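Written as structure tokens, this is what we have:
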């Protein structure tokens, strides 16, 4: 039997199993680009308006946010879409590939399903190869969807649209290859995704540092796989050759992942987990300490990510002030305020709250994994009550998510203070982020309620997070009615600092969160585990 025996049937099985996720990923990214295609001419209806918007990203801080700055000097709608907003499609495509590879390789080994598959006529490399082929297929689907959306906006330049889509697919394949190596190194799918995610973060920082140095990017920009896709510069330079770097690296990473996988036993990892101490410390005597031990890596990573995001966007304040006079009125209307800084920071507070909610939902899903993997049973057998475990983990998650949101607000204020010399921005922005805590708790409570009542449907907890991202990104652009925007818990609150604090929406969201937590606790106490 060859190492690739059974690859075809495994790939067909994965396509059947993942068909809904594949469609959701491709449709989501394609629709996001399509909405931008229709919204951008509404925001900047004339060429001077578009030039004023593009000028926001011409300075060094702007290039940190969007890339090397192609297309901002002589902007066109398609050029701005591809070169200003393109980075924020590259990152989701990379994350999609990382999560897919980690879930179907190391995740299957963790669950024991890989043992059942390998018991048949399946080669030792077939699982990884079929997973990488699945990643290739989904990246091509995403590329096709985004290319089609770009062609709606600029049907006369199919080559540039295809180049942009190809850059997305090539970037996804690179980070799928990084994940293929990470799953050989790490003992769990979460750790493997963390290693690959750290590589994505490093690539983003390298690109940011390189693009900060000079327009068009510096040598550091070329050290990042994200930078290669952006150096194609669709609708400006239309360079295809940087994609050869992405495809070459992807091939090397895939080959390295296969070579490493052939050298380890099923279920083993090349980096063996550290043996723990013989006796647990005092902190591990209760569920709160155990929860901290499990979540601490994620808490640190998310906190750093939110703080850096806030710091960078806060440092963008002076650029906004300098460009405010030339911006079209549609931009201010989109931000919901006559003061550009207040409107921008109000939107940023919602964005960071959505990110903190994403951490919280992921932590609740981690509780579900502890249960389904059977690791909760010995905890309960040691005399810890169900509600005590449930409440302690949710309390830890709520405190951690709220703290990282507030630290993100503090970092935003410090970044804005550094460039504007206005210390009053620090307490103002801290208050704006604190205002979003009830919405964060509401999202967490929905996940907790699903964990208690309908654990198999816990993925639905991502709906308010997804809708929150949609509302903050597109509500102003698409001029959604107020009732549609208010469906997002984040948008239901007063938009500090542009608006005054309103206690009633905050209290209403807190009440909804309390009710959801009560339902979840009641059902978790009574249902069967597993």
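Numbering (the numbering used here), first residue to last: 1 to 530. We put the beta carbon where it would ideally sit given N, CA and C, even for glycine. Note that the structure is predicted; figures quoted are calculated from it, not measured.
Worksheet entry | alpha helix (DSSP H) segment containing residue 218, residue limits | Segment: none, residue 218 is in no alpha helix (DSSP H) and carries neither H nor E.
Worksheet item: According to the neighbour-count rule (16 or more other Cβ atoms, all chains shown, within 10 Å of its Cβ), is residue 303 buried or exposed?
Response: buried
Worksheet item: Can you find at least 3 beta carbon pairs, one from the stretch 491–510 and one from the stretch 335–355, that sit closer than 8 Å?
Response: yes
Discussion item. Taking the alpha helix (DSSP H) that residue 420 belongs to, which residues open and close that run?
Written reply: 386–420
Worksheet entry | Reference residue 63, options 405, 293, 316, closest by Cα | 316
Practice prompt. Grab the span of the alpha helix (DSSP H) containing residue 378 for me, first residue to last.
Written response: 376–381
Discussion item. Just to confirm my understanding: we take residue 108, look at its own chain, exclude 5 residues before and 5 after, and list those with CB closer than 8 Å. What are they?
Written reply: 114, 117, 127
Fill in: Through-space distance from residue 241 to residue 234, alpha-carbon basis
12 Å
Discussion item. Among 431, 501, 32, 525, whose alpha-carbon lies nearest the alpha-carbon of residue 449?
Written reply: 525
Worksheet item: Out of 246, 408, 321, which has the shortest C-alpha to C-alpha gap to residue 355?
Response: 408
Worksheet entry | Cβ contact check for the stretch 367–383 and the stretch 257–277: 3 or more pairs under 8 Å | no
Fill in: Close beta carbons around residue 422, own chain, < 8 Å, minus the five adjacent residues each side
416
Discussion item. Do residue 41 and residue 216 count as a contact pair if the criterion is CB distance below 8 Å?
Written reply: no
Fill in: Assigned secondary structure, residue 125 (DSSP; H/G/I helix, E/B strand, else coil)
coil
Worksheet item: Going by the CB atoms, is the gap between residue 239 and residue 224 shorter than 8 Å?
Response: no
Worksheet item: Hey, would you say residue 170 sits closer than 8 Å to residue 89, going by beta carbons?
Response: no
Fill in: Backbone secondary structure at residue 454 - three-state DSSP
coil
Worksheet item: Would the beta-carbon of residue 112 fall within 8 Å of that of residue 164?
Response: no
Worksheet entry | Buried versus exposed, by CB contacts within 10 Å (16 or more), residue 295 | buried
Worksheet item: Buried or exposed: where does residue 395 fall if 16 or more other Cβ atoms within 10 Å of its Cβ makes it buried?
Response: exposed
Worksheet entry | Coarse secondary structure for residue 160, derived from DSSP in three states | helix
Discussion item. Does the structure place the stretch 298–314 close enough to the stretch 384–404 that three or more beta carbon pairs sit under 8 Å?
Written reply: yes
Discussion item. Is it buried or exposed, residue 152, if we count other Cβ atoms within 10 angstroms and call 16 or more buried?
Written reply: exposed
Worksheet item: For the candidate residues 384, 237, 418, whose alpha-carbon lies nearest to that of residue 161?
Response: 237
Discussion item. Can you give me the C-alpha to C-alpha distance between residue 442 and residue 462, rounded to a whole angstrom?
Written reply: 12 Å
Item to complete: Count the other CB atoms, across all protein chains shown, that sit within 10 Å of the CB of residue 228; report buried if there are 16 or more and exposed otherwise.
Response: buried
Fill in: Delimiting residues of the alpha helix (DSSP H) encompassing residue 588
With the chain covering only 1 through 530, there is no way to say anything about residue 588.
Discussion item. Taking 6 Å as the limit between beta carbons, can you name the residues of its chain near residue 419, skipping five residues before and five after?
Written reply: 315, 317, 318
Discussion item. Quick check: the Cα distance between residue 400 and residue 122, rounded to an integer number of angstroms?
Written reply: 44 Å
Practice prompt. Specify whether the stretch 90–109 and the stretch 178–187 touch according to this definition: at least 3 beta carbon pairs, one from each stretch, less than 8 Å apart.
Written response: yes
Worksheet entry | Under the three-state DSSP convention, the category residue 438 falls into | helix
Worksheet item: Helix, strand or coil: which one does DSSP assign to residue 2?
Response: coil
Worksheet item: Taking the alpha carbon of residue 311 as the point to measure from, which residue in 220, 342, 65 has its own alpha carbon closest?
Response: 65
Fill in: Range covered by the alpha helix (DSSP H) that runs through residue 309
287–314
Worksheet item: Considering only residues of the same chain and omitting the five flanking positions on each side of residue 83, which have a CB-CB separation below 6 Å?
Response: 70, 71
Worksheet item: Mind pulling the alpha helix (DSSP H) runs of 4 or more residues that sit fully within the stretch 22–107?
Response: 47–55, 60–66, 77–83, 87–104
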